[in-house]
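Plus 529 on top of the position in the sequence shown (first one is 1) and you've got the numbering used here.
Even for Gly, the Cβ is constructed at its ideal location relative to N, Cα and C.
Have a look at the structure below, then the notes.
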Amino acid sequence: MPVRPRVIINAAMSVDGKIALSDGKAVRLSNEEDLRRVHRLRAEADAILVGVGTVLMDDPKLTVKAEYAKGRNPLRVVLDSDGKTPENAHVLDGTAPTLIVTSADSTRTFPRAEVLRCGKDEVDLALLLDHLASRGIKTVLVEGGSTVIWSFLRHRLADELKVFISSRVLGGHAAPTLAGGQGVTPLDEAPGLRLDRIERLGDGALLEYTVVR
Ligand SMILES: NC(=O)c1ccc[n+]([C@@H]2O[C@H](COP(=O)([O-])OP(=O)(O)OC[C@H]3O[C@@H](n4cnc5c(N)ncnc54)[C@H](OP(=O)(O)O)[C@@H]3O)[C@@H](O)[C@H]2O)c1
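Below is the structure:
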């Protein structure tokens with residue numbers, strides 16, 4: 530069995546931990562320095578993964594922008610149990626290969642993407658990583674959103690967490706935070722993080738952690 534890919538979570542948040550506005554709409558939290566870093570990370574990764582919530586809200590392209598980095602586009606992976614990704618979504622624009630991962634029950638097909646059926650109610654992340662390993666993928670960049678980030682941390686399937694902290698406060702009870710989902714009770718079930726590096730990036734800060742399993 531090939532070794533599971535290295536999973537790097539990358540996100541940008543406000544000082545108060547929000548990753549979007551209170552209506553869920555995307556807001557650009559990365560500054561130019563951070564965008565350059567993110568696109569370099571993308572260019573080094575074999576796959577970029579997001580949840581369908583991010584596709585529906587932000588409609589990201591998930592490609593490497595030439596103005597920030599040079600390199601080929603990684604495989605785009607969308608966790609989408611019921612196959613809700615709209616046909617006009619950027620991830621289905623054919624500019625890079627895309628894998629839509631649904632649950633076993635979904636029958637949806639996509640003309641411009643490969644479909645993998647994997648898991649019962651939601652996508653089984655461990656099985657998915659084994660599948661990605663079997664096709665030679667060594668690094669997966671998880672770019673959100675809140676629910677997916679929590680899922681990888683909760684299942685102890687992430688290796689690194691990189692968070693850019695923008696010098697903004699967004700507020701709002703309903704605004705998604707870096708990690709959503711059910712959360713932990715008690716505290717000792719919380720995934721452990723080891724702070725490896727802090728770097729000032731323009732008017733923001735980058736924090737890099739190793740996830741301690
Ligand atoms: N600032 C940043 O860096 C950044 C980056 C990305 C996104 N965002 C923000 O994040 C928000 C979206 O986050 P979100 O939490 O609503 O959605 P999300 O995390 O992008 O997607 C969550 C959805 O993925 C599907 N899924 C399938 N298998 C899963 C699994 N094993 N674990 C977790 N999810 C699984 C589920 O939908 P189904 O049941 O339908 O499959 C789930 O509801 C948006 O507001 C966006 O702007 C911010």
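Run the CB neighbour count on residue i, radius 10 Å, all protein chains shown included, and call it buried at 16 or more, exposed below.
i	result
Val532	exposed
Ile727	exposed
Asp634	exposed
Leu656	exposed
Thr614	buried
When the Cα atoms are used, what is the spatial distance from residue i to residue j?
i	j	result
Glu562	Gly731	6 Å
Ala704	Leu550	5 Å
Val740	Ala687	7 Å
Val692	Pro640	35 Å
Arg637	Val652	15 Å
Asn560	Leu682	26 Å
Gly580	Arg723	26 Å
Ala574	Asn539	12 Å
Ser675	Lys667	23 Å
Val620	Val713	32 Å
Check the DSSP bridge columns for residue i and list the partner residues they point to.
i	result
Glu689	Ile537, Thr739
Leu670	Ile537, Ile577
Give me the Cβ distance between residue i and residue j, rounded to the nearest whole Å; I'm assuming they're in contact under 8 Å.
i	j	result
Glu678	Val544	It should be pointed out that residue 678 corresponds to Ile in this sequence rather than to Glu. Contact flag wrong, Cβ pair sits at about 18 Å.
Arg571	Val593	5 Å
Ile577	Leu670	5 Å
Asp609	Ile629	5 Å
Report yes or no: do three or more beta-carbon pairs, one from the stretch 597-608 and one from the stretch 624-634, lie closer than 8 Å? yes
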